[in-house]
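Down below is the structure, laid out as structure tokens.
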Amino acid sequence: MLSLRSVSRAFGAVAVAEDISFDVAVGDAVGIIGPNGAGKTSLFNLISGDLAPGSGLILMSGCDVTALGARRRSRLGVARTYQVPLPFVGLSVFENVLVGAVFAARDQQAAPPEARALDVLKRTGLLRLADMQAGALTLLDRKRLELARALATQPELLLLDEIAGGLTEAECLELVELIKAIHLGGTTVIWIEHIVHALLSVVQRLIVLDRGRIVAQGEPHGVMRSSQVREIYLGMEPDTDVLQ
Ligand SMILES: Nc1ncnc2c1ncn2[C@@H]1O[C@H](COP(=O)(O)OP(=O)(O)OP(=O)(O)O)[C@@H](O)[C@H]1O
Ligand SMILES: [Mg+2]
């Protein structure tokens, strides 16, 4: 579904991606971890088309999409959430989701946008808040809305950027169940998350980034025990229970 081939990008002297290569198959759930500034969000920007690589290739379903912008990639089935939720604060929750359903809809044969927006609101637990202004939402509900707006585009590949950060343990569990259900429904998921135990309850593969490079990848528990990961996180107080 997605292949990166030697993708690199720098901002001045800072390499945010350096020789990144990996493949994601249809139905995969892949986790991405790494310290602050490792280049995780930049990697999503490269995949979503918000940032152009300096060199390398990005393929989707075998087609070269390297030169395509975010709008075109959205039409190919890529959707993302942003680390800092930025809803249209003056619009209602329903209207926010409707924007995604109308503008990024790929399948013209699908149900009308209003019906799809309602369906997504139900799935994300936001139906009761449909008429509320998005600017008045709590953090958990803003995160739900971020997810709902992405789901409204009916993505095949969903990119989640630190969607669990700042939530209570109970809220985090709720979100994990929702993401599991989305993945089981057939959507391919790539999830950047600092809350490692949440991530590991969903993903089958883990990629570790540090200073723009992939330093480890593979089966999540094996990767978490690897010397590279221990070195990176030593003294950083990660979610250390998974390192035991
Ligand atoms: N548009 C930009 N211009 C210049 N530098 C940038 C730009 N975007 C990101 N950077 C820099 O690139 C590096 C990687 O940033 P990025 O946001 O990808 O990290 P991250 O792994 O998502 O970090 P965090 O865990 O804090 O979200 C950082 O040093 C950041 O300051
Ligand atoms: Mg980030």
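In our numbering, the protein residues as written are 1114 to 1357.
Cβ atoms here follow ideal geometry from the backbone N, Cα and C, with glycine treated the same way.
Because the structure is a prediction, the values reported are computed rather than measured.
Mapping the DSSP letters down to three states, classify residue i as helix, strand or coil.
{"i": "residue 1154", "result": "helix"}
{"i": "residue 1331", "result": "strand"}
{"i": "residue 1357", "result": "With a pLDDT of 46 at residue 1357, under the threshold of 50, the modelled position of that residue is not reliable, and the figure given next carries that caveat. Coil."}
{"i": "residue 1321", "result": "strand"}
{"i": "residue 1344", "result": "helix"}
{"i": "residue 1146", "result": "strand"}
{"i": "residue 1337", "result": "helix"}
{"i": "residue 1171", "result": "strand"}
{"i": "residue 1117", "result": "strand"}
{"i": "residue 1276", "result": "coil"}
Measuring only from the beta carbon, is residue i closer than 7 Å to any heavy atom that is part of ligand 1?
{"i": "residue 1124", "result": "yes"}
{"i": "residue 1129", "result": "yes"}
{"i": "residue 1151", "result": "yes"}
Quick check: does the Cβ of residue i come within less than 7 Å of any heavy atom belonging to ligand 2?
{"i": "residue 1194", "result": "no"}
{"i": "residue 1274", "result": "yes"}
{"i": "residue 1235", "result": "no"}
{"i": "residue 1256", "result": "no"}
{"i": "residue 1154", "result": "yes"}
Could you give the C-beta distance for residue i and residue j, rounded to a whole number, given that I count them as a contact under 8 Å?
{"i": "residue 1321", "j": "residue 1304", "result": "With 8 Å as the limit, residue 1321 and residue 1304 do not qualify as a contact, their Cβ atoms being about 14 Å apart."}
{"i": "residue 1194", "j": "residue 1273", "result": "5 Å"}
- Task: Let me know the beta strand (DSSP E) ranges lying completely inside the stretch 1282-1314, each 3 residues or longer, listed in chain order.
- Result: Listed in chain order, they are 1301-1305.
- Task: For the stretch 1184-1270, list the alpha helix (DSSP H) runs that are entirely contained and at least 4 residues long, ordered along the chain.
- Result: Considered as a whole, the stretch 1184-1270 harbours 1206-1216, 1226-1236 and 1252-1264 as its complete alpha helix (DSSP H) runs of no fewer than 4 residues, in chain order.
- Task: Evaluate contact between the stretch 1295-1313 and the stretch 1269-1282, counting only Cβ atoms and requiring at least three cross-stretch pairs below 8 Å.
- Result: Contact between the stretch 1295-1313 and the stretch 1269-1282 is established, with three or more Cβ pairs separated by less than 8 Å.
- Three or more beta-carbon pairs under 8 Å between the stretch 1240-1249 and the stretch 1198-1206, yes or no? Yes: at least three Cβ pairs fall under 8 Å.
- May I ask you to verify whether the stretch 1161-1180 touches the stretch 1322-1341, counting CB pairs closer than 8 Å and requiring at least 3? No, because fewer than three Cβ pairs between the stretch 1161-1180 and the stretch 1322-1341 fall closer than 8 Å, the two stretches do not touch.
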